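Undergrad: In our numbering, the protein residues as written are 1 to 243. Would you mind keeping the following structure in view while I ask a few things?
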């Protein structure tokens, strides 16, 4: 999911917002501990910025993100004031709610936007409100939101993508457990059936094991997403059984 391969920023609302300041994260989803970044002035994180230099080394970038600080952009999105709830956080301005922003590729992949500093965020959207967040917390937020990447400095001057396997490591999650959960979710949403194939983790072999009905084994096997396979280098073990 490299920058330029079809990822485009979502359309933004033109509703004016108060000026963004680092010490006033606004009403967006709380991603950081209170007071953790109160002294942050929005300067570019030098180590992450250096890791964006081409050619990007994914390991160097991951290590820089682990120790560094990123800025997550919070923007106003229109909402129906007659309804309660919604996917974003409450507390918007005049018929809007504040939300974190992700971008979607043509193939449906989604990446959470993050920035090395205020200058990079304002290059993308000068009206966005910044929330300074540690790299691991950004990874956790992206995974919790169903994203499979974090796109850093999408408007340049240099940009890069932290892929899902690295997000799982940054968030200190087990890749096999994450892959198994993803696979169960995918099959549940695609099949629309009350029951889905059994998915389990075999930690000793480093595989994810699935038990599939014999008559539909090929169908299910073909539907295993590439993002799941990327999380399980040892492969998916398929066991067939009669229904």
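For each residue, glycine too, the CB sits at the ideal point set by N, CA and C. Since this is a predicted model, take the numbers as computed values, not measurements.
With a Cβ-Cβ cutoff of 8 Å, do residue 44 and residue 119 count as a contact?
TA: yes
Undergrad: Just the Cα atoms here: how many angstroms apart are residue 132 and residue 190?
TA: Cα-Cα distance, rounded: 36 Å.
Undergrad: Okay, do the stretch 111-130 and the stretch 154-163 touch, 3+ Cβ pairs below 8 Å being the bar?
TA: yes
Undergrad: Can you list, in chain order, the residues of its chain whose CB lies under 7 Å from that of residue 171, leaving out five sequence neighbours each side?
TA: 136, 139, 140 and 143
Undergrad: Using the three-state DSSP reduction, which class does residue 225 fall into: helix, strand or coil?
TA: coil
Undergrad: In whole angstroms, give me the CA-to-CA distance for residue 102 and residue 71.
TA: 13 Å
Undergrad: On the DSSP bridge assignment, give the partners of residue 132 in chain order.
TA: 71
Undergrad: Could you tell me whether the Cβ atoms of residue 167 and residue 150 are closer together than 8 Å?
TA: yes
Undergrad: Quick one: residues in its chain with C-beta nearer than 6 Å to the C-beta of residue 56, no 5 flanking neighbours on either side, listed in chain order?
TA: Same-chain partners within the cutoff: 160.
Undergrad: Taking the alpha helix (DSSP H) that residue 112 falls in, what are its first and last residues?
TA: Unbroken run through residue 112 is the beta strand (DSSP E), 110-114; no alpha helix (DSSP H).
Undergrad: Once DSSP output is grouped into helix, strand and coil, what is the label at residue 92?
TA: In this prediction, residue 92 scores a pLDDT of 48, lower than 50, which makes its location untrustworthy; the coordinate-derived value is nonetheless stated afterwards. Note: residue 92 maps to coil in three-state DSSP.
Undergrad: In its own chain, which residues sit with a C-beta less than 6 Å from the C-beta of residue 202, not counting the 5 before and 5 after it?
TA: Around residue 202: 209.
Undergrad: Roughly how many angstroms lie between the CA atoms of residue 207 and residue 122, to the nearest whole one?
TA: Approximately 43 Å between the Cα atoms of the pair.
Undergrad: Using only CA atoms, which one of 220, 104 and 174 lies nearest to residue 148?
TA: 104
Undergrad: Give the secondary structure of residue 198 by DSSP, where H, G and I count as helix, E and B as strand, and everything else as coil.
TA: It is a strand residue.
Undergrad: In this structure, does DSSP put residue 212 in helix, strand or coil?
TA: strand
Undergrad: Express the C-alpha separation of residue 125 and residue 92 in angstroms, rounding to a whole number.
TA: Summary for residue 92: the model assigns pLDDT 48, below 50, so the residue's position carries little reliability; its value from the coordinates is reported in the next sentence. Each residue's CA atom was taken as its position, placing residue 92 and residue 125 some 17 Å apart.
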